[in-house]
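Novice:
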Amino acid sequence: MFSIKDFQQFYLAKKSESQQDEPDSGACSVVPKYDWTSLFIKFYISFQDKKRHDEDDMIYFVTASMPKMVNTFRYNSPKIPSFNDTNIDWEETTCLNILFHEFKFLLFAFIKKANGDLIKSKIIDVYPSIISHNVENKKEILDTFPYIGFHLYTFEEEFESFIVSESSKFAFEMISSHVDSHLEDSSIICSQIDYDNLKIAYDSNKVSFLDIIPFKAKKNKLLNIDFYIPNDSDGKVKLRLKELESPEGQNKVEKPDLKLMMTSIYFSWELVFNRIFKNHEPPNLKLFSKPKTETQE
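For our numbering, add 39 to where a residue sits in the sequence shown, where the first one is 1.
(1) Excluding five sequence neighbours on each side, which residues of the same chain lie with their C-beta closer than 7 Å to the C-beta of K238?
(2) Specify the secondary structure class of N115 as computed by DSSP and reduced to three states.
(3) Does the Cβ-Cβ distance between Y99 and T125 come in under 8 Å?
(4) To the nearest angstrom, report how far apart F41 and I84 are at their CA atoms.
(5) Rounded to the nearest angstrom, how far is the Cβ of I227 from that of F147, given a contact under 8 Å?
(6) Measuring alpha carbon to alpha carbon, tell me which of E199, N110 and F201 ends up nearest W129.
(7) Roughly how far, in whole angstroms, is the beta-carbon of L181 from the beta-carbon of I170, given that I think they are within contact range, below 8 Å?
(8) Measure from the alpha carbon of E341 to the alpha carbon of each residue in I232, F266, P321 and K143, then state which is nearest.
(9) Assess, as a yes-or-no matter, whether the region 187-201 is touched by the region 110-122 under the definition of 3 or more beta carbon pairs within less than 8 Å.
(10) Specify, as a first and last residue, the run of the beta strand (DSSP E) that L146 falls within.
(11) In the DSSP assignment, find the unbroken beta strand (DSSP E) run with T302 in it and report its ends.
(12) Tell me the DSSP bridge mates of S160?
(13) Can you list the beta strand (DSSP E) stretches of 3 or more residues lying completely in the region 198-233, in chain order?
(14) So that I know if they touch, is there some Cβ in chain D lying closer than 8 Å to that of D96?
(15) Give the DSSP-derived three-state secondary structure of D128 in the structure shown.
(16) So, helix, strand or coil for H190, using DSSP?
(17) With DSSP run on the structure shown, which of helix, strand or coil describes L261?
(18) So, at 7 Å on beta carbons, what are the nonlocal neighbours of E205 in its own chain, with the 5 sequence-adjacent residues on each side left out?
(19) For M97, which beta-bridge partners are listed by DSSP?
(20) Measure the alpha-carbon distance for K161 versus I268 and round it to whole angstroms.
(21) State yes or no: is the C-beta of M300 within less than 8 Å of the C-beta of F194?
(22) When you compare only the Cα positions, how much space is there between K245 and I264?
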């Protein structure tokens, strides 16, 4: 029987071996006797026994050759590679399927006052994907592996009333939860951006703030702006910003409000995996204070 706890022990032991370090005391003292192929078989049997396919019936196979590619099959397809297929990278295949089928992901988004008081909040289910749709042209599909995209396909609806003013900031956190609650929830990313930095990003090409750096911005009415994720060279958070016009009859203000929408977040699969299994950090409960100026949604 597949056990996520056994998998964690195996994974940490393998990482210790590859880094030529001693395993963590206690955590890896008794390591299950698996190899990656047998571990995938255990996962695959458990996937069927627990009827995980009722929610998502796709199984992902990562090629061993470079450049890495992901082939996707329905769990009961006769075309699924055999378990002794040497053209498959069984380590990455096992890890990718565990991410997609053993975990759920939640995005917590907030508008907060400068003093930390909560103005607005939203909790959104996000789903991992190895493909990306162009925001402007949804028919254009791009493969993103080894990066996983967590897309908000209804971002216009979800962020309809997310307005960042001069005295506020945007904060967000994405967490992972094991589907059977056999592991503690993990924080995958937690950060915040104040109004000034959003405005600078809107007006200019590049700006640094906290631990996030925008690397693409154009000066126009509606901008799609990508922000680097720390310690993940090509990881990014994708935001849409729109400068709101002053109400009719009022003078144009120096710092107009910004309408904000988050469209997707990209991580390397290894970063997500390590934050769940190796460098675990619990969700940042400081973000979840009660709103004082508006009812939480």
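For glycine and all other residues, C-beta sits at the position ideal for the given N, C-alpha and C.
Specialist: Well, looking at it:
(1) Counting only Cβ-Cβ distances below 7 Å, and skipping sequence neighbours, we find K294 and L297.
(2) In this structure, N115 counts as coil in the three-state DSSP scheme.
(3) no
(4) Annotation: F41 to I84 spans about 8 Å, alpha carbon to alpha carbon.
(5) That belief does not hold up - the Cβ atoms of I227 and F147 are roughly 11 Å apart, past 8 Å.
(6) N110
(7) I170 and L181 do touch by the CB rule: their CB atoms are close to 7 Å apart, below 8 Å.
(8) Because residue 341 is not part of the residues shown, which for the chain are 40 to 336, the question remains open.
(9) In this structure the region 110-122 does not touch the region 187-201; the number of beta carbon pairs closer than 8 Å is below three.
(10) F142 to K152
(11) L297 to S307
(12) F149
(13) 207-217 and 225-233
(14) Included in the structure is just one protein chain, with no chain D present.
(15) coil
(16) strand
(17) strand
(18) Y234 and K294
(19) R113
(20) 21 Å
(21) Yes; because the gap between Cβ atoms is below 8 Å, this pair is in contact.
(22) Only weak support exists for where K245 lies, its pLDDT of 39 falling under 50; the coordinates are left without a value.
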